[in-house]
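Visitor: Before anything else, here's the structure in question.
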Amino acid sequence: MKGVGFMLLHARFNQIILMEQHKVYEIEKGLAFIWSVRSDGKQSLTDILHHGMAAEFPDTPDTVYEVRAQTASRIRIHALEPASLSPEQMVQLLTKLRAHSWRSLQLAMICRQKYISERLNLFMAFLNQQFGVEFRKTQRLIPFVLTHENIANAINSTRSTVTRMMNELEQKGQISHVQLGKNRLIVFPSAPSSEVGRLVQTDPRR
């Protein structure tokens, strides 16, 4: 079995890690957001990484990418070198990176929608599709905390606007919340909406 060259990083809450080219960042524990920062200062959310997910730094001129830890997180940083990986490990890692590309493409297309309400609805559908887990048999739970500030940043809006719209979604029964310990988590009443699927025709994981 070939050895894997990696560094294990214990990131603090709100720690920012500047991504390097030819490295893969895999979340072993915790939650992190991947942000792109252009030379003109424009920032965009490009992915959400929960445990077991991975991302790499795309080769984009005049843009840097950051891993921003949303909780205390354990991050495995790989050098993506075939010589250091077994065939099975390479396949597993490439599968995770294909899923990362798929999520990034969806998030980018969500942010291109004209109306904030449409961006929010599609982002909720994206969360349900990508991260929702079964809860109380008929519901779906997002198993990590997302603040209204997080959501506003993701869809290019403001926290006050997102708070108002999230309250409206809750009044309509499209979402609810549950308190689990100290965490207030988003709950959906049903399986993922197919609406987000219209943004991209083919999910590479299928």
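Residue numbering for the sequence shown follows the UniProt record's numbering, starting at 1 and increasing by one per position. Heads up, the beta-carbon is just placed ideally off N, CA and C, and yes, glycines get one too.
(1) Between the beta-carbon of residue 45 and the beta-carbon of residue 33, is there less than 8 angstroms?
(2) If you draw a straight line from the C-alpha of residue 181 to the C-alpha of residue 135, how long is it?
(3) Determine whether the beta carbon atoms of residue 23 and residue 74 lie at a separation below 8 angstroms.
(4) Measure the alpha-carbon distance for residue 96 versus residue 124 and round it to whole angstroms.
(5) Among 176, 178, 9, which residue has its Cα nearest to the Cα of residue 25?
(6) Please state whether the Cβ-Cβ distance between residue 69 and residue 14 is less than 8 angstroms.
(7) Quick one: measure Cβ to Cβ for residue 120 and residue 175, integer angstroms, because I've assumed they're closer than 8 angstroms.
(8) Around the Cβ of residue 78, are there at least 16 other Cβ atoms within 10 angstroms (buried) or fewer (exposed)?
(9) Per DSSP, what are the beta-bridge partners of residue 17 in this structure?
(10) Pop quiz: residue 16 and residue 66 are said to be a contact at Cβ under 8 angstroms. What is the actual Cβ separation, rounded to whole angstroms?
(11) Counting only the same chain and skipping the five closest in sequence on each side, list residues whose C-beta sits under 7 angstroms from that of residue 20.
(12) Can you say whether residue 167 is buried or exposed, counting buried as having 16 or more other CB atoms within 10 angstroms of its CB?
(13) Are the segment 99-108 and the segment 38-53 touching by the rule of at least three beta carbon pairs closer than 8 angstroms?
Guide: On the basis of the data shown:
(1) yes
(2) 16 angstroms
(3) no
(4) 22 angstroms
(5) 9
(6) yes
(7) 10 angstroms between Cβ atoms; not a contact.
(8) buried
(9) 67
(10) 5 angstroms
(11) 57
(12) exposed
(13) yes
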